[in-house]
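Okay, so here's the structure we're looking at.
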Amino acid sequence: MASFKPALVIVDVQEDFCPPNGSLAVQGGRDIVPLLNDLLDRPFAIKVATKDFHPHDHISFASNHEAPNNKPFESFITIRNPLNLSETQETRLWPDHCVQGTKGSELLPELNVEKVHKIVEKGQDKRVEMYSAFADPFKNPCVDKSGLADLLHEEGVTDVFVAGLAADYCVRYTALDAAKEGFKTRVIEEATRAVDPSAMDEVHRDYEEAGVAVIGKDDESLKL
Ligand code: VGL
Ligand code: ZN
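Positions 1 to 224 (the UniProt record's numbering) are the ones given, in order, by the sequence shown.
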């Protein structure tokens, strides 16, 4: 039988992404926690939680830009790769969120973090947006890699199950990078919520192209 060593990656289940007080609250963000805690009770070889963890002057915050292109959720800016200035990326601006040291950056207290083996922080470099928990969007060696890929490879992980927030941003790019890293990757649909649910068709097209599966919580592969 082919080897099977599953990892669970819970993305950004933090106060700022959840009602009632989150600055970038995703509708229903808190409602996924019972399912996440159920998943955390299962024998995944390794269970990881990620945190968006920005400095106050992060480039993705609308508050760090000038009018008129500084409207949270509405404005897009062009970011240059700090190592190769001819490379650019269009990126959306956000309300300030998950600032290091603030309440909003904390994992939800009702999440059973004692079951988590490793917490991975991302988005610390103020110069770049970083949705994926694996690396920055440019695969830029001057920005610290999160170390997540190395950790999973060292553990001999074969399969990565992704859940958390937000389905159309950090869950999406984390799952796509997991597949690129060679892991058989599945996203647990009921264990995610989207900033913009109307974007999910596009997300599913990305997944299809990358070979990422979208599964339900009762999928055979989760009977560990
Ligand atoms: C996220 C927007 C900005 C996420 C992070 O965790 O999905 N979304 N930063
Ligand atoms: Zn962020």
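The beta-carbon is built from N, C-alpha and C at its ideal position, and this holds for glycine as well.
Straight-line gap, residue i to residue j (C-alpha atoms, nearest Å)
| i | j | result |
| --- | --- | --- |
| residue 58 | residue 127 | 7 Å |
| residue 215 | residue 190 | 9 Å |
| residue 185 | residue 70 | 35 Å |
| residue 154 | residue 67 | 47 Å |
| residue 21 | residue 45 | 34 Å |
| residue 123 | residue 174 | 13 Å |
Residue i beta carbon near the ligand ZN (any heavy atom closer than 7 Å)
| i | result |
| --- | --- |
| residue 60 | yes |
| residue 18 | no |
| residue 65 | no |
Own chain, CB closer than 7 Å to residue i, minus 5 neighbours either side, in chain order
| i | result |
| --- | --- |
| residue 23 | 16, 95, 96, 97, 104 |
| residue 106 | 14, 15 |
| residue 204 | 214 |
Contact set for residue i: own chain, Cβ-Cβ below 6 Å, skip 5 residues either direction
| i | result |
| --- | --- |
| residue 129 | 60, 91 |
| residue 26 | 17, 165, 166, 193, 195 |
beta-carbon residue i near the ligand VGL non-hydrogen atom, thresh 7 Å
| i | result |
| --- | --- |
| residue 117 | no |
| residue 11 | yes |
| residue 52 | yes |
| residue 166 | yes |
| residue 230 | Outside the shown range of the chain (1 to 224) lies residue 230, about which nothing can therefore be said. |
| residue 97 | yes |
Residues near residue i in its chain [Cβ-Cβ closer than 8 Å; skip 5 each side]
| i | result |
| --- | --- |
| residue 51 | 12, 14, 98, 105, 107, 119, 120, 121, 122 |
| residue 138 | Below a pLDDT of 50, predicted positions are generally treated as unreliable, and residue 138, at 47, falls in that range; the measurement from the model is reported next regardless. Here the set comprises 81, 83, 84, 87, 89, 128. |
| residue 142 | In this prediction, residue 142 scores a pLDDT of 48, lower than 50, which makes its location untrustworthy; the coordinate-derived value is nonetheless stated afterwards. Taken in chain order, the residues that qualify are 82, 83. |
Evaluate contact between the region 75–90 and the region 35–42, counting only Cβ atoms and requiring at least three cross-stretch pairs below 8 Å. With the cut-off at 8 Å, the region 75–90 and the region 35–42 do not touch.
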